[in-house]
Amino acid sequence: MGSLSLPELPVIDFSKENLKPGTSSWLSTCKDVMCALEEYGCFVAVYDKVPLKLHNDLVTTLKDLFDLPLETKRKNVSDLPYYGYVGNQPFIPSLYEGMGIDNAITLEGAEDFADTMWPGGNDHFCKTVLSYSMLISELEKMFPEKTEANVGCDAHTDKSFITVLHQNQVSGLEVKSKDGQWMSFTPSPSSFIVIAGDALLAWSNERINAPFHRVVMSESEPRYSVGLFSFIKGMIEVPEKLVDEKNPLRFKPFENFGLLRYFLTEEGREKESAIKAYCGV
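Just so you know, we're using this note's numbering here: the sequence shown kicks off at 165 and counts up by one.
As structure tokens, then:
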């Protein structure tokens, strides 16, 4: 009797030299991205533009950042949800700790954050974060537009439009397939996870899947990850061409940050699908 094979996340190579809009390679990659998002809501992006030294410097920088005293990390505040320091919240497991950096793709944004965390700033931190952020923002622009196991981050969907995740080489991220199986992912310095958020699901009129994902910690080594969360400003509406008799309109116009704020309410966190409760027809 043969063993059952577990599903695997699709892998798409973005390191091709001729990957330019309009080329056959570009069109083929766009098709692969669309198929992956419709079926899985995510894929592994192979992107070798991030040098290994920058990857290692980033991991070291993250360790230095999260080793700062709690009172220092709490100085990172923002009016926008998840843009400041995140930790020790009742609806987020204690293993989870996050730090948002607003406008990390600008020198001013990196320096403002560093000045808050370190007296006199931190030039190495700014250089590392800025270099990394600019490279990952280029990857995002390639996408077709519009010890004992512990759960370190509960199963959830992202409220962003698109999320790009990169981590050190400690496994833990799992993505749920449509048939309910959890798919694991082996990280590497040149691989990134691209995940469709609830906002993209709604914009596509549910053509694209926004998958549940979680972090299961089974290694004693700390896991560090960096996420680029893309949010759309202004009102988001389902394009008319995605609505017909077989696919009636499923979502009313909504604001991406409004969705995020709704999710942070007690009512929003209790809903099985915050996006449907927030703006579903």
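Just so you know, even glycine gets a beta-carbon here, dropped at the ideal spot from N, CA and C.
C-beta atoms of residue i and residue j nearer than 8 angstroms
i, j, result
"residue 222", "residue 270", "no"
"residue 356", "residue 329", "yes"
"residue 439", "residue 394", "no"
"residue 297", "residue 278", "no"
"residue 413", "residue 442", "no"
"residue 211", "residue 337", "no"
"residue 375", "residue 400", "no"
"residue 322", "residue 265", "no"
"residue 251", "residue 262", "yes"
"residue 190", "residue 183", "yes"
"residue 377", "residue 410", "no"
"residue 197", "residue 207", "yes"
"residue 402", "residue 415", "yes"
"residue 331", "residue 388", "yes"
Residue i burial status per 10 Å Cβ neighbour count (16 or more: buried)
i, result
"residue 237", "buried"
"residue 344", "exposed"
"residue 368", "buried"
"residue 420", "buried"
"residue 178", "buried"
"residue 373", "buried"
"residue 431", "exposed"
"residue 231", "exposed"
"residue 234", "exposed"
"residue 240", "buried"
"residue 225", "buried"
Residue span of the alpha helix (DSSP H) that contains residue i, given as start and end
i, result
"residue 280", "271-281"
"residue 392", "Residue 392 -> not in any alpha helix (DSSP H); beta strand (DSSP E) instead, spanning 389-394."
"residue 368", "Run containing residue 368: none; DSSP gives neither H nor E here."
"residue 343", "Counting along the chain, residue 343 falls outside any alpha helix (DSSP H), and DSSP gives it neither H nor E."
"residue 427", "420-427"
"residue 438", "438-443"
"residue 432", "430-434"
"residue 234", "234-237"
Residue i - partner residues in DSSP beta bridges
i, result
"residue 212", "Beta-bridge pairing links residue 212 to no other residue."
"residue 206", "359"
"residue 378", "338"
"residue 327", "359 and 393"
"residue 320", "377"
Residue i, enclosing beta strand (DSSP E) - first and last residue
i, result
"residue 285", "First-last for residue 285: undefined, no H or E at that position."
"residue 264", "Looking at the DSSP string, residue 264 is not in any beta strand (DSSP E), and its letter there is neither H nor E."
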